[in-house]
Amino acid sequence: MYIEVTSGEKYEKIVLTQQEYDSTILPYQRGDIVDSKGTVLATSVDVYNVILDCKVLNSKEEYLQPTIEALISCFEDLKAEDLYKLAEEKPKSQYNKILRRLPYDKIQKFVELQNDTKNHPYIKGVWMEKEYLREYPYGSLAASVIGYTTSGNLGIGGLEDYYNDTLNGVNGREYGYLNSDSNFEKTIKEPVNGKTVVSTIDVNIQSVVEKKLKEFNDACKNGAEEGEGSKNTAAIVMNPNNGEIYAMANYPTFDLNNPRDLSAYYSEEQIKAMSEDEQLEALNKIWQNFCVTQTYEPGSTVKPLTVATGLETGALTGNETYVCDGKEQVGGHTIHCVNRSGHGLLTIEQSIMESCNDALMQMSYAIQKENLLKYQKIFGFGQKTGIDLPGEARTDSLMYTLETMDDASLATNSFGQNFNVTMVQMASAFSSLINGGNYYKPHVVKKITDENGNLIEENKGELLKQTLSKDTCNMVKQYLYKTVSEGTGKTAKVPGYSMGGKTGTAQKYETVEEDGVKKTQRAQGKYLVSFIGYVPQENPQVVIYVVIDEPNVADQAHSSYAQNITREILKEILPYLNIYQDEEYDQEKVVDLDIMGNPVQ
41 MYIEVTSGEK YEKIVLTQQE YDSTILPYQR GDIVDSKGTV LATSVDVYNV ILDCKVLNSK
101 EEYLQPTIEA LISCFEDLKA EDLYKLAEEK PKSQYNKILR RLPYDKIQKF VELQNDTKNH
161 PYIKGVWMEK EYLREYPYGS LAASVIGYTT SGNLGIGGLE DYYNDTLNGV NGREYGYLNS
221 DSNFEKTIKE PVNGKTVVST IDVNIQSVVE KKLKEFNDAC KNGAEEGEGS KNTAAIVMNP
281 NNGEIYAMAN YPTFDLNNPR DLSAYYSEEQ IKAMSEDEQL EALNKIWQNF CVTQTYEPGS
341 TVKPLTVATG LETGALTGNE TYVCDGKEQV GGHTIHCVNR SGHGLLTIEQ SIMESCNDAL
401 MQMSYAIQKE NLLKYQKIFG FGQKTGIDLP GEARTDSLMY TLETMDDASL ATNSFGQNFN
461 VTMVQMASAF SSLINGGNYY KPHVVKKITD ENGNLIEENK GELLKQTLSK DTCNMVKQYL
521 YKTVSEGTGK TAKVPGYSMG GKTGTAQKYE TVEEDGVKKT QRAQGKYLVS FIGYVPQENP
581 QVVIYVVIDE PNVADQAHSS YAQNITREIL KEILPYLNIY QDEEYDQEKV VDLDIMGNPV
641 Q
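Read in order, the letters of the sequence shown are residues 41 to 641 in this note's numbering.
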């Protein structure tokens, strides 16, 4: 009251133009997500909302017309009649957001007019509210790993979710007040920006992987307008010596800048015909990270781990031979080998090379369920890996125990059926097999820095346990080398590189109803095929795992589809990783193949 009576006119201008926003939030900037070399994958860019304060605008008659004329001259989306109507209908309203999320170059012209008080003294009651908009420069690249944000800087999925608190900062505030000399003063509490998350993902490797997954799915569509090349196609590329994941991808995927857009997979008519629940179901399918959230039977990729279990426990010596006649009678069941006429006499090495179910079942009798179950746990099956991504699937309920495992389930578990894994579980266990027995916790973030690049936290790889002895690993690695050079994994071979690996084909289940009773049975013609491998043979530097869930082809039961993708990925990333050719080969005998395994003309 004292100020109003004694100095009202003197301070009126200050109070009207600088004032009424006596406590303004200064938003923090959410931290960036970058790849292992610093390439920005997610960032927050500053944008501005144009706010109209009708109370100030109406405080003097001479403010109204110049301010509205300035607004409509600078912003083509605004109409004079709308602004006059707003000022009339809400004369005391101080916060009216008339334009949203404009980049600075779009507001610059108006800001310059407003600041030119000599020539434009009556532009009043307009201010710019700063906020940040999340942007993803590479669109859909690594979408399921990065995740996206909703309003309020809330991460949804991926690193945006898992590291939400790390990426977020603390808002600041600007306070206005009158000092002891009755002058208007401001005090500012600066915002604290979020930290930068440096991922293990390599943009170049991730790009190659995603390109090859898409090529395969496009080829499998066979020109069809509807449907996909597979139910899911996914791949992991990782460093077996520290658990770093260079690439993790699945198809279908989505655009991080527009995560609710289904137009890439459905026509406009199809989308309009969907209910809200159907649209959400379709979105959840493309948002999921198959490598982490989905479980499945691994099939024959588990066979090397079964053999390693036998060798490590002494149940096998490596000198055994087995006769495959195409089937085994176990617990009242006839369980067939992939070769129903039989492979004949096989060594352990040949059993892996030919992927013989019969031989693996015979090995399981010697290994026994106590050892098999013990090493399933040692390899991490039935447990979460602890990868720094949200939504990792639990598989403990999908595993057998000593009480529930019978002879038939022992036999089928030995070759990768009747228990479930996730891709990240399988890749981590396999990495320990080929690196000398060291099980590292898989991770997709290597360090956290502040906004200036100063190191806050670093992950150089966490060694969790020793799974196997080096001698066992070396023996099984030799089997895997022969599998790629001479056995069922030849299609994955990259000329000039020593390489080991294992194929996988698992027949899927389906639920059917008979006489009103639902039961589960093997689905005819539906398979999940895979390949897991490493390069080079000595001191492996990279592990790659490719899974195709129900490829859209007439005969799904061929791991060659996964091998083709593996080969095409490795051909591009091995030189990039500075992994050099270490084997001689005859270039004239090499037949170039495409993503489907067809000769390139």
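Positions of the beta carbon are idealized from the N, C-alpha and C atoms, including for glycine.
The stretch 512–519 and the stretch 387–396 touch, with no fewer than 3 CB-CB distances between them shorter than 8 Å. Contact annotation, M439 with C331: C-beta distance approximately 20 Å; criterion of less than 8 Å not satisfied.
The shortest C-alpha to C-alpha distance from S180 to any of N297, I285 and G195 is the one to N297. Y202 sits away from Y144, with the two beta carbons spaced by 8 Å or more. H373 and G556 have their C-alpha atoms roughly 26 Å apart. Judged by pairs of C-beta atoms under 8 Å, the stretch 70–90 touches the stretch 159–174, as three or more such pairs exist.
Residue pairing for A82: DSSP places it in a beta bridge opposite I73. Beyond the five residues adjoining it in sequence on each side, V370 comes within less than 7 Å, by CB distance, of M401, D447, A448 and A451 in the same chain, given in chain order. For secondary structure counted as the beta strand (DSSP E) over 3 or more consecutive residues, the stretch 384–468 holds these complete runs in sequence order: 384–387.
Restricting attention to A127, Q69 and V249, the CA atom closest to the CA of N204 is found in Q69. With contacts defined as CB atoms closer than 8 Å, K611 and V534 qualify as a contacting pair. Counting only the Cα atoms, G195 lies some 47 Å from E623. Sequence-distant Cβ neighbours of K505 in its own chain, meaning closer than 6 Å and more than five residues away, are Y479. A distance below 8 Å separates the beta carbons of E200 and T189. Residue P338 holds the alpha-carbon nearest to the alpha-carbon of L568 among H383, V378 and P338. In the DSSP assignment, F294 is bridged to no other residue.
Straight across, the Cα-Cα distance linking T79 with Y336 is about 34 Å. Cβ contact annotation for V631 (same chain, cutoff 7 Å, sequence separation greater than five): P639, in chain order. Pairing L473 with L345 gives a Cβ-Cβ distance under 8 Å. Excluding sequence positions up to five before and after Y162, its CB lies within less than 6 Å of the CB of E102, Y103 and P106, all in the same chain and listed in chain order. With distances taken between CA atoms, I584 lies nearest to G540 out of K559, T560, G540 and D595. In this structure, N359 lies away from C377, with their beta-carbon atoms at least 8 Å apart. Restricting attention to alpha helix (DSSP H) runs no shorter than 4 residues, the stretch 592–633 encloses them at 600–616, ordered along the chain. Under the 8 Å Cβ criterion, the stretch 317–328 does not count as touching the stretch 522–534, having fewer than three qualifying pairs. In the structure shown, I635 falls within a coil segment according to DSSP collapsed to helix, strand and coil. The DSSP-derived three-state label of K158 is coil. Judged by DSSP secondary structure, C377 falls outside any alpha helix (DSSP H); it is assigned neither H nor E.
Uninterrupted beta strand (DSSP E) stretches at least 3 residues long and entirely within the stretch 498–550 occur at 503–506, given in chain order.
In the DSSP assignment, N279 falls outside any beta strand (DSSP E), carrying neither H nor E. Looking from the CA of K229, the closest CA among L66, L503 and D589 belongs to L66.
Excluding residues up to 5 positions away in sequence, I488 lie with their Cβ nearer than 6 Å to the Cβ of E497 in the same chain. Secondary structure of A304 (DSSP, three-state): coil. Within the same chain, C114 come within 7 Å of K149 by CB-CB distance, once the 5 residues on both sides are set aside.
Straight through space, the alpha carbons of L302 and Q310 are spaced by roughly 10 Å. Buried is the label assigned to Y521, since at least 16 other Cβ atoms lie within 10 Å of its Cβ.
Per DSSP, the continuous beta strand (DSSP E) segment holding N478 begins and ends at N478 to Y480.
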